[in-house]
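K.L.:
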Amino acid sequence: MFALRTALGSSARLRHLTLKGGYSTPFSERDLSAAMAALKTLETFEFLKLDITSSDLARDIAALLRENGQHLVKVRFERNNLSQHSTAVILKALLQCQVLSELSFDHNDLDKANIEALAAVVRSLRNLEKLTLRYSISEDGPFGPIAKALESNTSLEELSLKACQIQFEVLSDALQSNTTLKVLDLDSCIMTYSEVRYLARALTYNKGLRTLLLPHCGLEDEAIVELANAMAKNDTLERLDLFNSWCSTRTVMTFCQSLTNNRTLRNIGVGLTMASDQERRELSHQLSQHECYGRIALQWMDADLTPLTMALKADSQSLRELDLGVVDDFSCALLCSLFDALASNTVLRALRITARRYDCRLGEALRNALISNRSIKRLRLEVGINSFQGSFICDVCKALLVNATVVQLTLTAMKMGLCPSKLFARMLRKNRTLTWITLHSPHLGVKRVEMISRALVENNVVASFVCSRLPITSASLRIWETLRRNVSLLNLAVKFVMRTNLTKRSAQAFETLRAAPSLVSQLSKVTGKSEQESLVAIGAADQYMRSHYLYLTGVVKLSVECHPSARTQADALNDYCWQAIAQFLKVSDVRDE
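Read in order, the letters of the sequence shown are residues 9 to 601 in my numbering.
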């Protein structure tokens, strides 16, 4: 704690502070208070899993919040064993944080008075966009004041009430009038049938919500039917998560009928109780007839694979995302047929597969499908421990040596063997489409990281590489430095397209990333243009670069002038001619002096 006090005392300009402990982590409250007193420029403050047992520490934290109130944008408290008096002191200080956009108060029980104080915070903070209160409202804390604040709030976009005990009647009233809230998380909020009816009524009239999370809520069939019927009238919700709520095939069919005229709801996650093959075939027919494949996510079985394969072959427009789940128990022949259909599909954008054991026939079919497919943008693969026969990671990496459409890859493996690691590194060297890569492998050895880092240096397209438990070594530093280089290159290319930086360096960055999907997405993000508009802008920038090649490379400073001659000289060439010449040249062909 003395070291922390010394470090914080000499870091008066610190902008981000996260203090995270374990359960009952010992620390000196006096030293911590003295260290925090010097901080004047904080933008984020997180106090996680550290007990605030004394009122003195609570007052010092409140003073810190007030002192930094003009620039604090994110504040998080979690599992702090707070007394209600200390909670009140901190909540009162939060009223001074007028630019705060994110507030978390998780696993800290709130009584009636403090819920009213929190409601005052919600009403007062005009920039608050995200509020999480997981496990913080029990039977002793009525939800009414917060619901009332939601009715008039015009900034809050995301609210998490996981495992909170709330009154759904007052929440329903708030949702009917609120048009700002976009994401509502009610995970583990156990609901009765009558409470679900209140929620369904709110969804009928609500015009703001985009995502509603209801996993682990213990919903029964008749309650889910109420939600399904509400979806027939709702025209704004895009995602409804009912994970771990098991329902019958008839209930899923009700969703199919509700989605006939609802073109907004794109993803419904439900669990299906045991059903006969005949019932599943009837359900497959309904999914196909109402174009619900991809919109209703189920746990697939063998009986579902043939209709699903037919939907892939027919390029069903609703089947844009496919999560096959664990494929180990599927018929190999049926799954290979599905992969064959996947090869020619032009609609699917996201594919997720989980495999605990390896089958070389499935691996080959998946590899061939990914080589041929031209629509999948996001690929997620989770595998078990490598077998002696091979690994799906090897097959995916071999496919990505050829595939030029997958831009986002997530791999999860308990342990990556030598062969998968080598192929992964080789793929990084060759692939020029992948932009975002996530690798979850808790037992990734130092040599594997070294191999991957050296391959990544040769790749100038990957802008995000997330690796779980990455040790701090020269290899990890090499990865971070490479990502900084690639992001800088991407930003330069975007500036060239926007004509805000027309130097040789930015032109070379644009030339390097001209065909990279990352340039399209980054340009759309910066300018707000659609994907099609961004492609048009990139085409115009390419034409500009060829027209002004000699100027951008520094060969010509102002203009081209030639001695008089009867023949056609360079200064007489029109723009079309210069573009034709420049298409055979690269910016890097002209070396700097």
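Ideal Cβ placement from N, Cα and C applies to all residues, glycine included.
(1) To the nearest angstrom, how far is the alpha carbon of G216 from that of A590?
(2) Could you check if R142 is buried or exposed, using at least 16 other CB atoms within 10 Å of its CB as the buried criterion?
(3) Can you name, in chain order, every residue of its own chain whose Cβ lies under 8 Å from the Cβ of L521, other than the five neighbours on each side?
(4) Could you spell out the range, first to last residue, of the beta strand (DSSP E) harbouring R84?
(5) Would a C-beta distance cut-off of 7 Å place I445 and F473 closer than the cut-off?
(6) Could you tell me the alpha carbon to alpha carbon distance between A319 and Y301, rounded to whole angstroms?
(7) Out of T420, S292 and R434, which one is the CA nearest neighbour of T257?
(8) Count the other C-beta atoms from every protein chain shown that fall within 10 angstroms of the C-beta of T561, then say buried if there are 16 or more, exposed otherwise.
(9) One question on the structure: do G279 and A305 come within less than 7 Å of each other, judged by their Cβ atoms?
(10) Have a look at L581 and H571 and give me their C-alpha separation to the nearest angstrom.
(11) Name the DSSP bridge partner or partners of I304?
(12) Can you tell me the Cα-Cα spacing of L72 and N122, whole angstroms?
(13) Ordered along the chain, which non-local residues of its own chain (more than five positions away) have a Cβ less than 7 Å from that of P525?
(14) Could you spell out where the alpha helix (DSSP H) holding Q184 opens and where it closes?
(15) Mapping the DSSP letters down to three states, classify C427 as helix, strand or coil.
(16) Grab the span of the alpha helix (DSSP H) containing T561 for me, first residue to last.
(17) Which of the three DSSP states is assigned to F396 in this structure?
(18) Buried or exposed, going by whether 16 or more other CB atoms sit within 10 Å of the CB of P153?
(19) In terms of DSSP beta bridges, what is T219 paired with?
(20) Quick check: what's the CA-CA separation for T187 versus L447?
(21) Which complete alpha helix (DSSP H) runs does the region 516-596 hold, if anything under 4 residues is left out?
(22) Let me know the beta strand (DSSP E) ranges lying completely inside the region 122-167, each 3 residues or longer, listed in chain order.
(23) Put K605 into one of helix, strand or coil per three-state DSSP.
(24) Distance, Cα to Cα, L139 vs L111?
(25) With a CB to CB cut of under 8 Å and the five nearest residues on each side skipped, what residues in its chain are close to C405?
(26) Around the Cβ of D68, are there at least 16 other Cβ atoms within 10 angstroms (buried) or fewer (exposed)?
(27) Within a Cβ cutoff of 8 Å, which residues of the same chain sit near D583, ignoring the five residues on either side of it in sequence?
(28) Alpha carbon to alpha carbon, how far is E86 from D249? Give it in angstroms, no decimals.
(29) Would you mind listing the alpha helix (DSSP H) stretches within the region 38-84 that are 4+ residues and don't spill past its ends, in chain order?
(30) Tell me, to the nearest whole angstrom, how far the beta carbon of V4 is from that of E51; I am working on the premise that it is less than 8 Å.
(31) For I401, does the three-state DSSP call read helix, strand or coil?
(32) State the Cα-Cα distance for the pair G371 and D403, rounded to the nearest angstrom.
(33) Report yes if the CB atom of L374 is closer than 7 Å to the CB atom of L346, and no otherwise.
(34) Based on Cα-Cα distance, which residue from L179, Q173 and P150 lies nearest to L158?
(35) At which residues does the beta strand (DSSP E) containing V448 begin and terminate?
(36) Less than 7 Å between the beta carbons of V191 and T162, yes or no?
P.N.:
Quick look at the numbers:
(1) Counting from 1 along the sequence shown, the entry for residue 216 is found at position 208. Counting from 1 along the sequence shown, the entry for residue 590 is found at position 582. Near 51 Å, if we compare the C-alpha coordinates of A590 and G216.
(2) Position 134 of the sequence shown, counted from the start, is the residue given in the question as residue 142. Buried is the label assigned to R142, since at least 16 other Cβ atoms lie within 10 Å of its Cβ.
(3) Here residue 521 refers to the residue found at position 513 when the sequence shown is read from its first residue. Counting only residues of its own chain and dropping the five nearest sequence neighbours on each side, L521 has a CB closer than 8 Å to the CB of N468, V469, L497, L498, A501 and L527.
(4) The residue you call residue 84 lines up with position 76 of the sequence shown. Unbroken beta strand (DSSP E) run through R84: K82 to E86.
(5) Stepping through the sequence shown from its first residue, residue 445 is reached at position 437. Stepping through the sequence shown from its first residue, residue 473 is reached at position 465. Less than 7 Å divides the Cβ of I445 from the Cβ of F473.
(6) Here residue 319 refers to the residue found at position 311 of the sequence shown. Here residue 301 refers to the residue found at position 293 of the sequence shown. About 8 Å.
(7) Stepping through the sequence shown from its first residue, residue 257 is reached at position 249. Out of T420, S292 and R434, S292 has the C-alpha closest to the C-alpha of T257.
(8) The residue labelled residue 561 in the question sits at position 553 within the sequence shown. Counting Cβ neighbours within 10 Å, T561 comes out buried, since at least 16 surround it.
(9) For the purposes of this step, residue 279 is taken as the residue at position 271 of the sequence shown. For the purposes of this step, residue 305 is taken as the residue at position 297 of the sequence shown. The Cβ atoms of G279 and A305 do not sit closer than 7 Å to each other.
(10) Reading the sequence shown from its first residue, position 573 is the one you call residue 581. Reading the sequence shown from its first residue, position 563 is the one you call residue 571. Answer to the nearest angstrom: the Cα atoms are 14 Å apart.
(11) To locate residue 304, count along the sequence shown from 1; it is residue 296. Partner(s): I276 and Y301.
(12) Taking the sequence shown and counting its residues from 1, the one referred to as residue 72 is at position 64. Taking the sequence shown and counting its residues from 1, the one referred to as residue 122 is at position 114. Computed Cα separation, rounded: 20 Å.
(13) Translated into positions along the sequence shown, residue 525 becomes position 517. Hits under 7 Å: V415, T441 and T443.
(14) Residue mapping note: residue 184 aligns to position 176 of the sequence shown, counting from 1. For Q184, the uninterrupted alpha helix (DSSP H) segment begins and ends at F176 to S185.
(15) Counting from one through the sequence shown, the residue named residue 427 turns up at place 419. C427: helix per DSSP, three-state reduction.
(16) Taking the first residue of the sequence shown as position 1, residue 561 is located at position 553. T561 -> no alpha helix (DSSP H), and no H or E assigned at all.
(17) The residue given as residue 396 occupies position 388 in the sequence shown. Unreliable positioning characterises F396 in this predicted model, as indicated by a pLDDT of 49, which lies under 50. A coordinate reading is not provided.
(18) On the sequence shown, residue 153 is found 145 positions in, with the first residue counted as 1. Under the 10 Å beta carbon count, P153 is surrounded by 16 or more other beta carbons and is classified as buried.
(19) Here residue 219 refers to the residue found at position 211 when the sequence shown is read from its first residue. The partner list for T219 (beta bridge, DSSP) reads V191 and R247.
(20) Numbered from its first residue, the sequence shown carries residue 187 at position 179. Numbered from its first residue, the sequence shown carries residue 447 at position 439. Straight-line Cα distance between these residues: approximately 38 Å.
(21) Within the region 516-596, the complete alpha helix (DSSP H) runs of at least 4 residues are 525-535, 539-555, 557-560 and 583-590.
(22) List check, beta strand (DSSP E) in window: 138-140.
(23) No information on residue 605 is available, as it lies outside the stretch 9 to 601 that the chain covers here.
(24) Walking along the sequence shown from the start, residue 139 turns up at place 131. Walking along the sequence shown from the start, residue 111 turns up at place 103. Their Cα atoms are separated by approximately 5 Å.
(25) The residue given as residue 405 occupies position 397 in the sequence shown. Hits under 8 Å: P428, L431, F432, R434 and M435.
(26) Start at 1 with the first residue of the sequence shown, and residue 68 comes out as number 60. Sixteen is the threshold: when 16 or more other Cβ atoms of the shown chains lie within 10 Å of the Cβ of D68, as they do, the residue is buried.
(27) Within the sequence shown, the letter at position 575 stands for residue 583. Cβ neighbours of D583 beyond the five flanking positions: S555.
(28) Here the question's residue 249 lines up with position 241 in the sequence shown. Here the question's residue 86 lines up with position 78 in the sequence shown. Roughly 25 Å between the two C-alpha positions.
(29) Qualifying alpha helix (DSSP H) stretches, in chain order: 63-75.
(30) Only positions 9 to 601 of the chain appear in this structure, which leaves residue 4 out of reach.
(31) Position 393 of the sequence shown, counting from 1, holds the residue named residue 401. I401 sits in a helix when the DSSP states are folded into three classes.
(32) Here the question's residue 371 lines up with position 363 in the sequence shown. Here the question's residue 403 lines up with position 395 in the sequence shown. CA-to-CA, the gap between G371 and D403 works out to about 6 Å.
(33) Numbered from its first residue, the sequence shown carries residue 374 at position 366. Numbered from its first residue, the sequence shown carries residue 346 at position 338. The criterion of a C-beta distance shorter than 7 Å is not satisfied by L374 and L346.
(34) Looking up residue 158 in the sequence shown gives position 150. L158 has its Cα closest to that of L179, out of L179, Q173 and P150.
(35) Here residue 448 refers to the residue found at position 440 of the sequence shown. For the sequence presented, residue 448 should be read as His rather than Val. W444 to H448 is the span of the beta strand (DSSP E), which, as asked, contains H448.
(36) If you number the sequence shown from 1, residue 191 lands on position 183. If you number the sequence shown from 1, residue 162 lands on position 154. No, the pair does not count as a contact, with Cβ atoms beyond the cut-off.
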